[in-house]
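Data block below; observations after.
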Amino acid sequence: MSDLLPFSINSPGDLIDRVYECVTKKKPFALVRIGDGENFLLAQNSIHTAEELIRMYSIVAGEGYSGIAIPNLPARDRLVDAVRKADVVGVLSQTDCYCWYPLTVKIFRYYSFCPPDTCYAFINRQCVSMPVFYELFRHTAILLIGKPMARLRGILEDRYKFTNIRGVLNLRNYRDLDRVINSLPLLNFDLAFISAGANAKIVAAAVKDCGRVAFDLGHAADGIISCDEQGMYTWGPRYASQRTARQAGIGVKKPASLPCVKINPQKRIRI
């Protein structure tokens, strides 16, 4: 694959409809989103040595950023498999930092990734800011996976009136991964919302293997929690202005097609 642009899915509404259709038709599906944390893992011993990556971005030597520290070649191989299995892959379009779009293109070429559909990596945040996201999935049998999900469950049930959340699985780091994956066949759910960094992609593939639907929710879960703490729904005007302010703070510019970020190359970008 020579290029990842333009994306085949540009509208969060289209993605929500796609996910809902798969849920209602019992069609296995996985959305995974690739950010810089996933790029570091995928680039190990393919684009760069682990030592080179750690010299460039020292944060990747610990698990605090993506949930998986490098070097970890088994995790890399599992992540490669997860991207190959995904139905929709979200990627960063920003070119200002090497670890964003430029490294993504190198990785996709190296592994010959050719996902059926692509979207912007931050489409998760756009999806949760739309009332239809909550309306369509309010009564779906949902499994929540990840560190913030115990808090998110209460918010979805109390503020957004979700009625059918089947359980919560904590996933803090790579050491928790197999426990979570081994639990999936034992649980009765149709849709998994996953917020677990790079581990989320591997779990999403396992959810699809179980015949279910996986949505890589990522830091959008934190956005829902933050809004609730301020007594707001995610689509309220204060939420929209806060998102704009955060973007302005890191210098986001929005041309006619895709967003472009102007920030320090060492700045974190949380998907």
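The sequence shown: position 215 = 301 (my numbering), numbered continuously.
Yeah, the Cβ is synthetic: ideal placement off N, Cα and C, and Gly gets one too.
Check                                                                                                                                                        : Outcome
Would I40 and V146 be called neighbours here (beta carbons separated by less than 9 angstroms)?                                                              : The structure shown does not extend to residue 40, since the chain is modelled only from 87 through 357, so no value can be given for it.
Please name the residue, chosen from D103, W321, P92 and R104, that lies closest to P217 on a Cα-to-Cα basis.                                                : W321
Quick check on DSSP: helix, strand or coil for G232?                                                                                                         : strand
Pick helix, strand or coil for I336, following the three-state DSSP scheme.                                                                                  : A caution first: I336 carries a pLDDT of 26, below 50, which makes its placement in the model too unreliable to give a value.
When you compare the CB positions of F248 and F219, do they come within less than 9 angstroms of one another, or not?                                        : no
Compare the beta carbon distance of Y197 and R170 with 9 angstroms and say whether it is the shorter of the two.                                             : yes
Rounded C-beta distance between L165 and A284? I'm assuming under 8 angstroms.                                                                               : 6 angstroms
Roughly how many angstroms separate the alpha carbons of Y106 and S97, rounded to a whole number?                                                            : 14 angstroms
Apart from the five residues on each side of it in sequence, which residues of its chain come closer than 8 angstroms, Cβ to Cβ, to D276?                    : V109, K112, T226, A227, I228, R298 and V299
Any idea if C200 is buried or exposed, counting beta-carbon neighbours within 10 angstroms, 16 or more meaning buried?                                       : exposed
Can you tell me whether DSSP reads V347 as helix, strand or coil?                                                                                            : Because the pLDDT of V347 is 28, which lies under 50, any placement of that residue in the model is unreliable, and the question is left without a value.
Grab me the residues of A306's own chain with a C-beta within less than 6 angstroms of its C-beta, minus the 5 sequence neighbours each way, in chain order. : N210, R211 and V214
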